[in-house]
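Enquirer: Okay, so the sequence shown: first residue is 28 according to this note's numbering, each after it adds one.
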Amino acid sequence: TAEEPEHRGCEEGVEQGRADQAGEDHHGHRVQHLGAGLFGLEQHVYFEAGAAVITLVLLGKPLEARAKARTSEAIESLIRLQPKTARIERDGQWIEIAVDALMASDIFMVRPGESVPVDGEVLDGASSVNEAMLTGESMPVGKAAGDKVFAATANGQGALRCRATGVGEQTLLASIIRL
């Protein structure tokens, strides 16, 4: 009945114009019982299959909530990886500014052990960059002039002088977070 907690959400979903798996299962179950009652079916109607589907849906809801919570934690971890400041070149001098103030085409420096502040292209230098947070690859990737670097990836032993190509919402990191 609609008073039962697992069915209440289904009824609310229908009233709000939402369709989801729980609603489909609920209404399929109701139609199955209605059909059996209307047609006086005496043969086996596979009620246990309907019960199994409903049970799986009810078990799936906490699993889905847990997965969403873990995804939120992972996104927060990604956000924390991006540095708050960047070292940029202005009039031959290196100055430190907030990452939010960086603009595309600014020249920035990534020293050994630092995280890359924004997406960019390497102009000078050579290093290895740990891109595991983007690719899952456990081995650092060698970077030299002409290669792309991405926000929040970890620079290895060398220094890199780079030109910003993606800042703010235009970085690969930002697009992953938006997903």
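Just so it is clear, CB atoms sit at the ideal spot from N, CA and C, and this is done for glycine as well.
Pull up the CB-CB distance for L129 and P139, whole angstroms please, since I reckon it's below 8 Å.
Expert: Actually they do not touch by this definition, with Cβ atoms about 20 Å apart.
Enquirer: Confirm, please, whether the CB-CB distance from V156 to T192 is below 7 Å.
Expert: In this structure, T192 sits away from V156, with a CB-CB distance that is not shorter than 7 Å.
Enquirer: Can you pull the DSSP bridge partners for V156?
Expert: V168 and N182
Enquirer: Tell me which residue opens and which closes the alpha helix (DSSP H) that R138 is part of.
Expert: No alpha helix (DSSP H) contains R138, which DSSP labels as neither H nor E.
Enquirer: Use the C-beta contact count for I122: other C-beta atoms within 10 angstroms, 16 or more gives buried, fewer gives exposed.
Expert: exposed
Enquirer: Where does the unbroken alpha helix (DSSP H) through L206 begin, and where does it stop?
Expert: Segment: none, L206 is in no alpha helix (DSSP H) and carries neither H nor E.
Enquirer: Per DSSP, I5 is paired with what?
Expert: Absent from the model: residue 5. The displayed extent of the chain is 28 to 206, so no value can be given.
Enquirer: Hey, G185 and G147 are a contact pair by Cβ (cut 8 Å); roughly how many whole angstroms apart?
Expert: About 15 Å separates the two Cβ atoms, so there is no contact after all.
Enquirer: Could you round the C-beta distance between A178 and L206 to whole angstroms and report it? I think they count as a contact, below 8 Å.
Expert: Actually they do not touch by this definition, with Cβ atoms about 15 Å apart.
Enquirer: To which residues of the same chain is I204 closer than 6 Å at the C-beta, ignoring the five residues directly before and after it?
Expert: Same-chain partners within the cutoff: I102.
Enquirer: Any heavy atom of the ligand NAD within a distance shorter than 6 Å of the CB on L90?
Expert: Here there are no bound small molecules, and the ligand NAD is not part of this structure.
Enquirer: If distances are taken between C-alpha atoms only, which option among L161, V137 and Q197 comes closest to A171?
Expert: V137
Enquirer: State the Cα-Cα distance for the pair S99 and A92, rounded to the nearest angstrom.
Expert: 11 Å
Enquirer: Which residue marks the beginning of the beta strand (DSSP E) containing L187, and which one marks its end?
Expert: Looking at the DSSP string, the run of the beta strand (DSSP E) that includes L187 is L187 to G193.
Enquirer: Under three-state DSSP, which class holds G173?
Expert: coil
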